[in-house]
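Count along the sequence shown from 1, then add 34; that gives the number in my numbering.
Below is one structure, written out as structure tokens; comments come after it.
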Amino acid sequence: IVAVIFFGYLGHTFAVFNYVLPTQCKNLDNKAKIAFDKEKFFEHKDWYVTHLKNEGNNPQCTKFVARIIQEENRKLTLEYRKGVKDFKCEGFKNPTEKHFCFVCDVTGQADKIKKFFTVIAVDAGYVSYALVYICNDAGSTISDNFLVLQTSRSNKLPSALNAALTTVDLKEKDLKSNNC
Numbered sequence: 035i036v037a038v039i040f041f042g043y044l045g046h047t048f049a050v051f052n053y054v055l056p057t058q059c060k061n062l063d064n065k066a067k068i069a070f071d072k073e074k075f076f077e078h079k080d081w082y083v084t085h086l087k088n089e090g091n092n093p094q095c096t097k098f099v100a101r102i103i104q105e106e107n108r109k110l111t112l113e114y115r116k117g118v119k120d121f122k123c124e125g126f127k128n129p130t131e132k133h134f135c136f137v138c139d140v141t142g143q144a145d146k147i148k149k150f151f152t153v154i155a156v157d158a159g160y161v162s163y164a165l166v167y168i169c170n171d172a173g174s175t176i177s178d179n180f181l182v183l184q185t186s187r188s189n190k191l192p193s194a195l196n197a198a199l200t201t202v203d204l205k206e207k208d209l210k211s212n213n214c
């Protein structure tokens, strides 16, 4: 499954930082990576969703490709495919919060989805792994998940993530492989 990542999926330009985090989502801004460098994380990098807390019926190794669009105020984009649906999102970092919000167009779906994305941990060079929290607002439905992203396919969790997992009350056994 291929995706272009920046925790949002291409669509129309929106001032997405005006969207409020739904109350059903966890506000993990106090757990977010301090001094997060979006340039390093999103610029021309492929990430695989190798593990997740809430696994669907059919785990699929999803590939996200991170991009920062040089024009338009360093807009962030994310594209990926899940099953038969293509997700195209775009977003900006909220200037007053530590999470990002993306507005996504989804193939075969009239309504857009908002995705709120918080980076909890990432390796020092932004080249290997990350732990992220994502909350999806599809209007009448809110869902959330913790994802482990790695720059290569792997069924193994990076041991360096254990400390980050405890900060969000997770253990290694709470995460399921996404068949990467």
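Every residue, glycine too, gets a C-beta built ideally from N, C-alpha and C.
All figures in this text were calculated on a predicted structure; none of them were measured in a lab.
Next item on the list: Give me the Cα-Cα distance between Q94 and N213, rounded to the nearest whole angstrom.
Entry: Counting only the Cα atoms, N213 lies some 6 Å from Q94.
Note to self: Quick check: what's the CA-CA separation for G173 versus K67?
What the structure shows: CA-to-CA, the gap between G173 and K67 works out to about 28 Å.
Note to self: Buried or exposed for R187, going by 16 or more other Cβ atoms inside 10 Å?
What the structure shows: R187 sits exposed, since fewer than 16 C-beta atoms from the chains shown fall within 10 Å of its C-beta.
Check: So, is K149 buried or exposed, given that buried needs 16 or more other C-beta atoms within 10 angstroms?
Finding: Buried, by the Cβ-count rule.
Margin query: Can you tell me whether K74 is helix, strand or coil according to DSSP?
Written below: Reduced to three states, the DSSP call for K74 is helix.
Note to self: Quick check: what's the CA-CA separation for E77 versus V153?
What the structure shows: E77 and V153: Cα-Cα distance of roughly 15 Å.
Next item on the list: Compare the beta carbon distance of L181 and V202 with 8 Å and say whether it is the shorter of the two.
Entry: The answer is no: Cβ separation not under 8 Å.
Next item on the list: With a cut-off of 8 Å on the beta carbons, I'd call H133 and F151 a contact; round off their distance for me.
Entry: The Cβ separation is near 6 Å, so the contact holds.
Notebook entry, point to check: What's the C-alpha gap between H85 and D139?
Noted result: Rounded to the nearest angstrom, the two C-alpha atoms are 24 Å apart.
Notebook entry, point to check: For the putative contact between W81 and A69, defined by C-beta atoms under 8 Å, what is the C-beta separation to the nearest angstrom?
Noted result: About 20 Å separates the Cβ atoms of W81 and A69, ruling out a contact at the 8 Å cut-off.
Margin query: Between which two residues does the alpha helix (DSSP H) holding T201 run?
Written below: Segment 196-201, the alpha helix (DSSP H) holding T201.
Check: In its own chain, which residues sit with a C-beta less than 6 Å from the C-beta of F75, not counting the 5 before and 5 after it?
Finding: Residues of the same chain with a CB within less than 6 Å of the CB of F75, apart from the 5 flanking positions on each side, are Y160 in chain order.
Check: For the beta strand (DSSP E) that D63 lies in, which residues bound it at each end?
Finding: In the DSSP assignment, D63 falls outside any beta strand (DSSP E), carrying neither H nor E.
Check: So the beta strand (DSSP E) H133 belongs to, where does it begin and stop?
Finding: Per DSSP, H133 belongs to no beta strand (DSSP E) and is neither H nor E.
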